[in-house]
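Colleague:
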Amino acid sequence: MAKREFTSRRAPIFADIPDEKWNDWRWQLSHRLNSIEEIEQVLLLTESEKRALSANHLFRVDVTPYFISLINPSNPNDPIRQQVIPTDAEMDLYTGMMRDSLAEDAHSPVPGLVHRYPDRVLMLVTTQCASYCRYCTRSRIVGDPTAQFSRAEFEMQLDYLRRTPQVRDVLLSGGDPLTLAPKLLEELLSRLRKIEHIEIIRIGSRVPVFMPMRVTDELTDMLQKYHPLWMNIHVNHPNEITQELAQATDRLTRAGIPLGNQAVLLAGVNDCVHTQRQLVQDLVRIRVRPYYLYQADLVVGSGHFRTPVSKGIEIIEGLRGHTSGYAIPTFVVDAPGGGGKIPVAPNYLISQSDHKVILRNFEGFISTYEEPLTYSSHDPSTCAFCQDQRPEPGQRGISGLLDGEAMFIAPQGFSDTHTRSEEIHRLRLDPSEWQPLGIGQPLPDTEEVPAE
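Take the sequence shown: its position 74, counting from 1, is numbered 94 in the numbering used here, and each next residue is one higher.
1. State the beta-bridge partners of I386 as determined by DSSP.
2. Could you spell out the range, first to last residue, of the alpha helix (DSSP H) harbouring R274?
3. Going by Cα to Cα distance, which pick from P400, I333 and H375 is closest to N367?
4. If you drop the 5 nearest sequence neighbours on each side, which residues of the same chain put their C-beta closer than 6 Å to that of W47?
5. Determine the extent of the beta strand (DSSP E) in which Q372 is found, giving its start and end residues.
6. Among the residues of its own chain, which have a CB less than 8 Å from the CB of A35, if the five just before and after it don't count?
7. Below 8 Å on the Cβ atoms is my guess for Q296 versus N290; work out the distance and round it to an integer in Å.
8. Which residues bound the beta strand (DSSP E) around L243?
9. Quick one: using the 10 Å Cβ neighbour count with 16 as the cut-off for buried, is K23 buried or exposed?
10. Quick check: the Cα distance between F319 and C156, rounded to an integer number of angstroms?
11. Tell me the residue span of the alpha helix (DSSP H) that contains P99.
12. Taking only runs of the beta strand (DSSP E) that begin and end inside the stretch 156–219, which ones reach a length of at least 3 residues, in chain order?
13. Would you call the stretch 93–102 in contact with the stretch 137–153, where contact means no fewer than 3 C-beta pairs closer than 8 Å?
14. My output table needs one value for R24: the three-state DSSP class, helix, strand or coil.
15. Is it right to say S210 is buried, meaning 16 or more other beta carbons lie within 10 angstroms of its own, or is it exposed?
16. Answer yes or no: do G195 and L144 have a C-beta to C-beta separation smaller than 8 Å?
17. Provide the residue span of the alpha helix (DSSP H) that contains T66, from first to last.
18. How should A72 be labelled, buried or exposed, when 16 other C-beta atoms within 10 angstroms of its C-beta is the threshold for buried?
19. Please state if the CB of L192 and the CB of G358 are separated by a distance shorter than 8 Å.
20. Closest to R12 by C-alpha separation, out of L212, V377, I223 and E173, would be which residue?
21. Measuring only the C-alpha atoms, how far is R222 from V190?
22. How far does the beta strand (DSSP E) with Q301 in it reach, from first residue to last?
23. Is E467 helix, strand or coil by DSSP?
24. With a Cβ-Cβ cutoff of 8 Å, do Y395 and D354 count as a contact?
25. Evaluate the contact criterion for the stretch 227–240 versus the stretch 59–77: three or more CB pairs, one atom per stretch, below 8 Å.
26. Hey, how far is the Cα of W45 from the Cα of L421?
27. Going by DSSP, which residues form a beta bridge with P363?
28. Whole angstroms is fine: what's the gap from S50's alpha carbon to Q407's?
29. DSSP puts N92 in a beta bridge; with which residues?
30. With I253 as the anchor, note down where its beta strand (DSSP E) starts and where it stops.
31. Can you name the residues that DSSP bridges to V130?
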C-alpha cells in the first residue's frame, strides 16, 4: 500500500485570504464560523443540521476556517463534519445521559481543579476552545463566552497545589489551554514550575488539530523553558492529519515535548478497525504516540455517537499484532460516577495453573509459558522505594489487597447493613498467631464439646 500523503486544503470561500492572515492563529480564532449563513458558504447543510444550528439551547458551535476546510462540503457523513457540525440528534434523549458523567465536580476541592487520582490533578484553566466537539465531556461548563476562571480561582488552585505535596503531576485542560493569552499561559506554567513537588506538567490540547498555526516558534520556545512538559493532542480520524498538523507536531517534538494522542470512539466517525489502523499509523509518522482510545462518555446530547464497548475491544484486537506495538492505544472506559479510566482489552490469557499459563496471540496461535518452580518474592522491608512511598489515603484500592494492607474493600454503608464485617475483623488471626491444626484439634477461641 502506498504511503498516504498529508495535504493542505482551503475552502473556496477562503481562497483570496492572504497567507499571512490564514496562517495567523489570531485571525483563525476571530473568523470562526458558527451560524447557518456562515457555514452554508462552505457546506451544503442538511435539514437536520439547519434545525440544530437554529436551536438556541444546544452546545456552542464554533469552527475555525482551517478545520472546516477539511470537510467534504457535499457529504453529510463526512467524519470531520460530524464532530463539529450539530444535527437534530443532539436533541434526542438516550439512556444513561448525565450532566457530569465523570463526577468531576464532586472531586473538585477548589473551583476548576479535579483531584481524582492520588498523585495527579486536572487543572481547568479556561472554558474556551478553538472549535467545539459535539461530544464534549465538559459541555456543562465549556463554551460559555461569558464564563471564565477568575484570577482568584487560579490563586485557589495554586494554593491547593502548594498545600498538597502528594501531587507530582498537573494536567492543564479546560477548555483548551492553548487558547489562553500567551502571557497568562506562561505565568501559569512558571508558577507551577516553582512548586517543588510538582515534577511533570502536561497540556491537553486540540488546538494543534483545529488550528495548527498556533504552534509557532515563539510558543515552543516558551514551552521548553518549563520542562519536563508533555502534551496530548486529540485526533479522531486520519483526515484530520494534514501537512499543517505534521509541521506543528514537528515543532513541538523538536522542542523536546513528548506527544501523545487521545481519541474518542465515535459511531460513524472512527468505529472501524481499518480507519483506526490508518489513524495510529499516521500518528506515529508525525511522531505522536497513540495513548488512549476512549469509550464515548455519557454526555447529554451525544448519545448518537455511542458504540458498544465490544466495538472498542474489536478494534484493539485488529491492532495488536497487525501494527507496531507502540502504535496501539489503551482502550479505556472513563467510569461514570468518577471511577476513573478503566482499561478494557481482548483476553489473551486463556488459562493458568500454579506452574503454567496458556496464552494466545493475534492469529489464534496458542502457546504455554512455564512458571518458575521457585520464586523469591520482593521484600518491601529492604526496598527504599517501598519505604519512601507517597501516602495515598483511601485510594490504595486493589493494590492494598494484594500487598496485605487490607483484607477486603467494602462499599459505602456496607458495615451498617452487614454488621458481621466487624466480627470478621475480630476473628481474623495475625499471621504470627497461626498454628498448624491437627485432625480433631479444636479451632482457636472455641471449646471442645464433649461427645454425648
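Ideal Cβ positions, reconstructed from N, Cα and C, are used throughout, including at glycine.
Modeller: Looking at the coordinates:
1. Your numbering for residue 386 matches position 366 in the sequence shown. I386 pairs with R380.
2. Along the sequence shown, one-based indexing puts residue 274 at 254. Taken as a continuous stretch (DSSP letters only), the alpha helix (DSSP H) holding R274 covers Q263 to R274.
3. Sequence index remark: in the sequence shown, residue 367 carries index 347 (1-based). The shortest C-alpha separation from N367 is found at I333.
4. Position 27 of the sequence shown, counted from the first residue, corresponds to residue 47. Excluding sequence positions up to five before and after W47, its CB lies within less than 6 Å of the CB of K41, all in the same chain and listed in chain order.
5. Along the sequence shown, read from residue 1 onward, the residue named residue 372 stands at position 352. Taken as a continuous stretch (DSSP letters only), the beta strand (DSSP E) holding Q372 covers L369 to Q372.
6. If you number the sequence shown from 1, residue 35 lands on position 15. Once the five neighbours on either side are set aside, A35 has no close Cβ partner at all.
7. Position 276 of the sequence shown holds residue 296. Position 270 of the sequence shown holds residue 290. About 6 Å; that satisfies the 8 Å criterion.
8. The residue given as residue 243 occupies position 223 in the sequence shown. Where L243 is concerned, there is no enclosing beta strand (DSSP E), although the alpha helix (DSSP H) it sits in stretches over D237 to L243.
9. Here the question's residue 23 lines up with position 3 in the sequence shown. Classification for K23: exposed.
10. Start at 1 with the first residue of the sequence shown, and residue 319 comes out as number 299. Start at 1 with the first residue of the sequence shown, and residue 156 comes out as number 136. Before going further, note that residue 319 is Val rather than Phe in the sequence given. So the alpha carbons of these two residues sit roughly 7 Å apart.
11. Stepping through the sequence shown from its first residue, residue 99 is reached at position 79. P99 to V104 is the extent of the alpha helix (DSSP H) around P99.
12. 189–193
13. no
14. As a position in the sequence shown, residue 24 is number 4, starting the count at 1. Coil at R24, not helix or strand.
15. Start at 1 with the first residue of the sequence shown, and residue 210 comes out as number 190. It is exposed - the Cβ of S210 has fewer than 16 other Cβ atoms within 10 Å.
16. Taking the first residue of the sequence shown as position 1, residue 195 is located at position 175. Taking the first residue of the sequence shown as position 1, residue 144 is located at position 124. Yes, the Cβ-Cβ distance between G195 and L144 is below 8 Å.
17. If you number the sequence shown from 1, residue 66 lands on position 46. Careful: T66 lies outside any alpha helix (DSSP H) and carries neither H nor E.
18. If you number the sequence shown from 1, residue 72 lands on position 52. So A72 ends up on the buried side.
19. Position 338 of the sequence shown, counting from 1, holds the residue named residue 358. Position 172 of the sequence shown, counting from 1, holds the residue named residue 192. Not in contact: G358 and L192 (Cβ atoms no closer than 8 Å).
20. One cannot answer for residue 12 here, as it falls past the ends of the chain, which runs 21 to 472.
21. Stepping through the sequence shown from its first residue, residue 222 is reached at position 202. Stepping through the sequence shown from its first residue, residue 190 is reached at position 170. For R222 and V190, the distance between alpha carbons rounds to 6 Å.
22. Residue mapping note: residue 301 aligns to position 281 of the sequence shown, counting from 1. Per DSSP, Q301 belongs to no beta strand (DSSP E); it is in the alpha helix (DSSP H), V293 to R305.
23. Counted from its first residue, the sequence shown places residue 467 at position 447. Bear in mind that the predicted position of E467 carries a pLDDT of just 42, short of 50, making it too unreliable to give a figure here.
24. By 1-based counting over the sequence shown, the position of residue 395 is 375. By 1-based counting over the sequence shown, the position of residue 354 is 334. No. Outside cutoff.
25. no
26. Stepping through the sequence shown from its first residue, residue 45 is reached at position 25. Stepping through the sequence shown from its first residue, residue 421 is reached at position 401. Their backbone Cα atoms lie some 51 Å apart in a straight line.
27. The count along the sequence shown starts at 1 and reaches residue 363 at position 343. In DSSP, P363 forms a bridge with V352.
28. Taking the first residue of the sequence shown as 1, we reach residue 50 at position 30. Taking the first residue of the sequence shown as 1, we reach residue 407 at position 387. So the two alpha carbons sit approximately 54 Å from each other.
29. Translated into positions along the sequence shown, residue 92 becomes position 72. DSSP, once it has assigned bridges, lists no residue as partnering N92.
30. Indexing the sequence shown from 1 puts residue 253 at position 233. Looking at the DSSP string, the run of the beta strand (DSSP E) that includes I253 is L249 to I253.
31. Here residue 130 refers to the residue found at position 110 when the sequence shown is read from its first residue. Bridge partners of V130: L133.
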